[in-house]
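To keep things clear, I will list the structure first and then write my remarks on it.
In UniProt numbering, the protein residues as written are 1 to 90.
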């Protein structure tokens, strides 16, 4: 399976690095199987949760699974540090 990366471009066509997929020439084809540009599908940022719920809440509904995990475990770690710091108070 071939994935076009704008950061790398395409050495076979040639397409320079930094060219977004939408700006590829119309006659560009997949270098592996020869499929046309219209056969590709976007695999952009995957957001966790249901699409219809993305607008609700405090902005966390539009976060990815990894971003939500960092927020949750980061908050727990910060709470733990403050909890232990409470023992230093007299």
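Heads up, the beta-carbon is just placed ideally off N, CA and C, and yes, glycines get one too.
Length of the line joining the Cα atoms of residue i and residue j
i           : j          : result
residue 68  : residue 41 : 26 Å
residue 65  : residue 75 : 15 Å
residue 80  : residue 63 : 24 Å
residue 29  : residue 12 : 10 Å
residue 27  : residue 61 : 38 Å
residue 10  : residue 82 : 50 Å
residue 100 : residue 89 : Not covered by the structure: residue 100. The range shown for the chain is 1 to 90.
residue 87  : residue 4  : 54 Å
residue 73  : residue 32 : 41 Å
Residue i, DSSP secondary structure in three states
i          : result
residue 16 : coil
residue 36 : strand
residue 23 : helix
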